[in-house]
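Here is the structure we will look at, set down as structure tokens.
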Amino acid sequence: MHRLVFVLLVLSLTLDGANAWSPASLWRLGRGPRMRPIPTNLRVLAERPLAAESSSWSSMTPEERQEKRRNKKQNQQQKQQQEQQQPKSYRMFHAVPIYTDFNDVDLVSTAPDFFPFPDDGEIVSPYDAHERDFAFEMKEDTVTTVTETTMEDSHRSSSSSFSSKTHVTKTTSVTADDASTTTSSSSSHTFQEPTHRSSYEYYTQYSQNQQDEVVLLDDDDNNNDDDSISQRHDNENSLRNLQVPQIHLPPRLVPNVAWEHHHRATTSFVHERLQRRRGQRDQTIDKQQQQLEGDTKRKRSPLVSATPEWQRLELHKLEIENQHLRDLLKDEERSQAMFAEHDGVYLDYSRQRATLKTLQLLQDLAKRQRLEERIQDMVSGKTINFTEKRAVLHTALRADPDEQIFVDGENVVEDVHQVLNQIKTFTEGVRSGNIRGYTGKRLRNIISVGIGGSYLGPEFLHEVLKTEPDGINSALGYNLRFLANVDPVDVERTCADLDPEETLIIVVSKTFTTAETMLNARTMRQWLWDFMGNDKEVVRKHVVACASVSATDKVKEFGIDTNNYFFRFWDWVGGRYSVCSAVGAVPISLMYGFDLFEQFLKGAQSIDRHFMTAPMDKNIPIIMGLLGVWNHSFLGYKTRTTLPYAEALLRLPSHIQQLDMESNGKVMTRHGIEVDYPVGEIDFGEPGTNGQHSFFQLLHMGQTAPCDFIGFCQSQHDLCLDDESLSSHDELMANFFAQPDALANGKTADEVRAEGIEEDLVPHRTFKGNRPSMSLLLPKLTAYATGQLLAIYEHRTAVQGFIWDINSFDQWGVELGKKLANDVKAHLVDARKSENHVIEASNPASSRILNYYVNNSRTNACMNSDMSPNTNPLTRVTRKTHSDHARAAFTPPIQHDLGGSIGKLS
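When you line the sequence shown up against mature numbering (1 follows the signal peptide of the UniProt record, and there is no 0), it's residues -20 to -1, 1 to 886, in that order.
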């Protein structure tokens, strides 16, 4: 019994001593002290009256109690008046030390308990869900003192409760060494009732050695308007004058190691979550900013398809779809208006699915795209090839010597004519016999080694001049061949019956690094060495180079005489536009003479001037380009065919194919936006009546492909046979004129029935027609006319690119295949070294087919395992030499006339 009384007495004393903190919560029987987060217990402390004050109430008389109530009511009225003058959106705060030793930690501290973040990113107290958070930043070895209490329930329920998301809390930091001083100096054994009930704390004491720090949380909502800012400043001024209730912590209640560990874990958790939220918010802002910039960019430089002019053409297409070409051709006014003519070139585009209104709308689109300005930018040397940062000046290659076009401060026309004069001197020296080969023989055979534009353009021109009357006479005794394919069969065909001692090799490569060209160049060098030895003079006397100025070192490294046998061109000349440069000038001038090549340049120059000066409605390249856009982007025709009714133009379709498809086969506009409209047709073609018996079935009854018919009033060599009423050329041209009408008008079912065709066959022999075409008619296929044709199609390609807003002068699409080919070559090298090597390519399908190839081509290896390292069974390029072929020894005649101008063979 005595022991029980003693235990109760001890507990009573203990609880009385703990009343100042939190009775019945910090001590539990038999389990020792239990620490709770300080803010929770301070909240309890802040809202309960003192024990002494409660015990004195029972000893009062009724009159004293009445007086007490009266005083209390007056105090409450005074408090309400004070509260009306104070900001209602602020909490009460009391200072309690919180220790930390974290370095440079941004901490979000919330009261009365630490709690997780909800999904909306806001920190919400479990006690006051409608009240908001505050923040402070803790620095190295500092103590920050902030604790939260609550307001009266009546104030909490008022409409002006704390709800601002952008609440700003200012903090004060003191060093850890001063923590005990801070605690003891703020001691107080009791709360004063008025202070406890009505005081708001705004903690504004700052360290003298540290600047004020403000941390904003969740400032997504824009509450920083002028009224909010003004109110906040007023609140701060009012709160600074309020007294801060002082709290005395008994020594046994100062946070110990357990509380420090708890605090570390909590701050780390809050910091991690806050940083994650901030990171997510920053990513969202970055994405929104990028999207906004993209939208702004699109507004600043929209696709051409978004322009009103394009949309009007889309609507106009509906009108055209309801009209047939056979009806349009009956409109005399339209038919008489739809043609253009310049310097002997006659363009008839009346068989296009277009009206005069269509042409006007297309011209409006061209004006919207600043077509004429872009043409002037091109011919004046501005950097319109923006992906390679180059000018585009193939027109300067045929400019007059007195013209001036500047690139990087230099007049490029002077450079062009300097090279042309060098070519003229060299080619005339070869043709006259002044420049000879290594053994002293005359150079009669020319092999041009190149690929792509370095081959297709010169070969197309060569095929024209082969049967051109002047070309026939000037080429007698000379032989020009082109080596383009890396296939060794092409090498065999090119070299089989030629005498290396009489052969001049022209290596054409802009960078002198093109893989196929350089392999063939090394093959030709080996061919020369096989017959004349490995003397370096063999190369210097038999090999010339056409390359860019930037490739000079590589040309010299190959063994070529760069002083006399190197003919340069420039980076502003694209390969497919280079036939007018040294690329075409050297082989053509060697074969036909420089004067004939100069006529070719004059013809191209004529179209250049027409292109730069003629109005759009009479400008042949612009009309052809606009109609190309109309057919492809609006009417939806994906292919286009070139049909020259002249056998001498048999290589023109291939050249146009590369010219157009490599130029306009793009997907990105000059603004870096992917097109949402069709660009870049598929081009193909075949000369004259050969094509009629090849693919014209599809043109008439299958897919629709707009056609370009090219004809000539006079043939290079006409034939008039006995008992024939028409010459062979008239026979040819009859087809030239008939095919466009057949494509346009077609043949109706009634017309088929009128011919007595069985009813079951009528559908099979009906032609729908309504298939567009245009016709180009020139006087005669000469070097001059060939230059005109070349320039027309070069400029047509540029017009379409300008309208589509793409770069027609780069060709990045060819690079990826080249890179992958190098990877495959590395695999093949390893496989040739070892018969047991298994190729592992980038994917199983490639590995399978490569291993199949290697296993079935062991004889291709240049080095067999049983051969010495210096032995190569395929050293000789060709097993049959020129001496194995019958050759007639003769002296080239000065003049030779086949009588083509008379009309009969002589």
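A virtual CB, placed ideally from N, CA and C, is assigned to each residue, including glycine. Since this is a predicted model, take the numbers as computed values, not measurements.
Practice problem: Give a yes or no on contact between the stretch 503 to 517 and the stretch 410 to 428, applying the rule of three or more CB pairs nearer than 8 Å. | Solution: yes
Quiz prompt | Residue environment, residue 780, which counts as buried when at least 16 other CB atoms sit within 10 Å | solution = buried
Quiz item: Which residues bound the beta strand (DSSP E) around residue 759?
Solution: 753 to 760
Self-check item: 8 Å contact criterion, which residue 399 and residue 548 should meet: CB distance rounded
Solution: 6 Å
Exercise. Taking all protein chains shown into account, decide if residue 832 is buried (16 or more other Cβ within 10 angstroms of its Cβ) or exposed.
Key: exposed
Quiz prompt | Segment contact, 8 Å Cβ cut-off, at least three pairs: the stretch 285 to 294 with the stretch 339 to 357 | solution = The stretch 285 to 294, when compared against the stretch 339 to 357, does touch it at the 8 Å Cβ threshold.
Self-check item: Simplified DSSP assignment, three categories, for residue 388
Solution: coil
Exercise. Measure the beta-carbon distance from residue 752 to residue 824 and round it to whole angstroms, keeping in mind my assumption that it falls under 8 Å.
Key: Between residue 752 and residue 824 a beta carbon distance of about 47 Å is seen, past the 8 Å cut, so the two are scored as non-contacting.
Quiz item: Going by the beta-carbon positions, is the gap between residue 488 and residue 412 smaller than 8 Å?
Solution: no
Exercise. Classify residue 431 as helix, strand or coil using the three-state DSSP reduction.
Key: coil
Quiz item: How would you label residue 651, buried or exposed, when you count the other beta carbons within 10 angstroms and need 16 or more for buried?
Solution: Its Cβ having fewer than 16 others within 10 Å, residue 651 is exposed.
Quiz item: Shorter than 8 Å from the beta carbon of residue 773 to some beta carbon of chain B?
Solution: No chain B appears in this structure, which consists of one protein chain only.
Quiz prompt | The beta strand (DSSP E) enclosing residue 777, as first and last residue numbers | solution = Element bounds for residue 777: not the beta strand (DSSP E) but the alpha helix (DSSP H), 763 to 784.
Practice problem: Return the chain-ordered list of same chain residues with a C-beta closer than 8 Å to the C-beta of residue 582, the five sequence neighbours on each side being excluded. | Solution: Counting only Cβ-Cβ distances below 8 Å, and skipping sequence neighbours, we find 378, 764 and 767.
Quiz item: Just curious, the alpha helix (DSSP H) that residue 487 is in, first and last residue?
Solution: Premise fails: residue 487 lies in the beta strand (DSSP E), 483 to 488, not in any alpha helix (DSSP H).
Quiz item: What are the start and end residues of each continuous alpha helix (DSSP H) run of 4 or more residues lying completely inside the stretch 581 to 635, in chain order?
Solution: 600 to 609
Practice problem: Report yes if the C-beta distance between residue 553 and residue 374 is below 8 Å; otherwise report no. | Solution: yes
Practice problem: Could you tell me the distance, in whole angstroms, from the CA atom of residue 528 to the CA atom of residue 644? | Solution: Rounded to the nearest whole angstrom, the CA to CA distance from residue 528 to residue 644 is 24 Å.
Quiz prompt | Simplified DSSP assignment, three categories, for residue 465 | solution = coil
Quiz item: How many Å lie between residue 786 and residue 649 at the Cα?
Solution: 4 Å
Quiz item: Straight-line CA distance for residue 778 to residue 671?
Solution: 27 Å
Quiz item: Taking the continuous alpha helix (DSSP H) assigned at residue 660, which residues delimit it?
Solution: Where residue 660 is concerned, there is no enclosing alpha helix (DSSP H), given that its DSSP letter is neither H nor E.
Quiz item: Where does the unbroken alpha helix (DSSP H) through residue 733 begin, and where does it stop?
Solution: 729 to 734
Quiz item: Can you list, in chain order, the residues of its chain whose CB lies under 7 Å from that of residue 611, leaving out five sequence neighbours each side?
Solution: 617, 686 and 752
Quiz item: Do the stretch 383 to 399 and the stretch 531 to 541 make contact, defined as three or more Cβ pairs closer than 8 Å?
Solution: no
Quiz item: alpha helix (DSSP H) containing residue 499: first to last residue?
Solution: Residue 499: member of the alpha helix (DSSP H) spanning 495 to 512, first to last residue.
Quiz item: So is residue 431 buried or exposed if we call it buried at 16+ other beta carbons inside 10 Å?
Solution: buried
Exercise. Determine the burial state of residue 849: buried for a count of at least 16 other Cβ atoms within 10 Å of its Cβ, exposed for fewer.
Key: Only weak support is given to the placement of residue 849: the predicted model assigns it a pLDDT of 47, under 50, and the question is left unresolved by the model.
Quiz item: Between which two residues does the beta strand (DSSP E) containing residue 548 stretch?
Solution: 546 to 549
Self-check item: Host alpha helix (DSSP H) of residue 343 (start-end)
Solution: 336 to 348
Quiz prompt | Whole-angstrom C-beta distance between residue 789 and residue 293, which should lie under 8 Å | solution = Between residue 293 and residue 789 the beta-carbon gap is near 26 Å, outside 8 Å, which marks them as no contact.
Quiz item: Where does residue 800 fall in DSSP's three states?
Solution: The answer is helix: DSSP assigns residue 800 an H, G or I state.
Practice problem: On the DSSP bridge assignment, give the partners of residue 694 in chain order. | Solution: 760
Exercise. May I ask you to list the residues that DSSP assigns as paired with residue 520?
Key: Answer by DSSP bridge pairing: none, since residue 520 is not bridged.
Exercise. Look at the Cβ atom of residue 759, then the Cβ atom of residue 717, and state whether they are nearer than 8 Å.
Key: No. Outside cutoff.
Quiz item: According to DSSP, is residue 406 helix, strand or coil?
Solution: helix
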